[in-house]
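In this note's numbering, the protein residues as written are -16 to 216.
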């Protein structure tokens, strides 16, 4: 297919070649009319061996759970070795937190295009050889575009001649039609009664995790065991 201007006359020598491109991309209005006329039939093509870009899912392990014995031993260590150990531990914790934040930011901002197997579907168009010729008019706003289609004998090609002075690639937006349609719509009525729940629904509060309280028995026993171990040592 070629796009030629009328400056050089009826038979121009220089034309912009569009060989290999989809006809619907070059002249979408004419292609849509040919589909409506039945000259082309839209079919779905499937590719079961395609590769697609997967989503970015980053996962890591959960933070370890702190036990009561670990907290008690940590507090005893602080009391035994004084402020030096406490200062070293605090600085170490701060450094670990900063390193963790930096690593998390680097991982989340890094974009890796990982391909994974997938199934894809895309449209295709089959030519109906029973339709040998056709012509029609396309209304494009203030102008009309005429085109003629004819099958080339002894080949699988068709000749399309379309009017070039009427551009159908642009559509003028008319906001008045939508505004008048919104004004003509009726206001939705409110229901006469409120249906907040169904009569057969068993509505009651469930779950008891609104607050978490420490176990006094476990805490007391751990403190007692820690005191005894410290006394014996």
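Note that beta-carbon positions come from the ideal geometry of N, C-alpha and C, so glycine has one too. The structure displayed is predicted, hence computed values, not measured ones.
How would you call residue 10, buried or exposed, if buried means at least 16 neighbouring beta carbons within 10 angstroms? Residue mapping note: residue 10 aligns to position 27 of the chain shown, counting from 1. By the neighbour-count rule (16 or more Cβ atoms within 10 Å), residue 10 is buried.
Close-in-space but distant-in-sequence residues of the same chain around residue 6 (CB under 6 Å, 5 per side omitted): Here residue 6 corresponds to residue number 23 of the chain shown, with the count starting at 1. The beta carbon of residue 6 lies closer than 6 Å to those of 14 in the same chain, with the five residues before and after it left out.
Based on DSSP bridge pairs, tell me the residues matched to residue 107. What you label residue 107 is simply residue 124 of the chain shown in a count that begins at 1. Beta-bridge pairing links residue 107 to 26.
Going by C-alpha to C-alpha distance, which of 130, 71 and 113 sits closest to residue 24? As a working mapping, residue 24 is identified with position 41 in the chain shown. The shortest C-alpha to C-alpha distance from residue 24 to any of 130, 71 and 113 is the one to 113.
Would the segment 104 to 111 count as touching the segment 80 to 90 if we require 3 or more Cβ pairs under 8 Å? With fewer than three CB-CB distances shorter than 8 Å, the segment 104 to 111 does not count as touching the segment 80 to 90.
For a test of the three-state rule: what should DSSP assign to residue 35, helix, strand or coil? Here the question's residue 35 lines up with position 52 in the chain shown. Note: residue 35 maps to strand in three-state DSSP.
Three-way DSSP call (helix, strand, coil) for residue 162 in this model: Counting from one through the chain shown, the residue named residue 162 turns up at place 179. Here residue 162 sits in helix by DSSP.
When the Cβ atoms of the segment 115 to 131 are set against those of the segment 142 to 149, are three or more pairs found closer than 8 Å? Counting Cβ pairs under 8 Å, three or more are found: they touch.
Do you know offhand how far residue 145's Cα is from residue 21's? Reading the chain shown from its first residue, position 162 is the one you call residue 145. Reading the chain shown from its first residue, position 38 is the one you call residue 21. The C-alpha of residue 145 lies about 18 Å from the C-alpha of residue 21.
Could you have a look at residue 208 and say whether DSSP puts it in helix, strand or coil? On the chain shown, position 225 is the one that residue 208 refers to. Correct three-state label for residue 208: helix.
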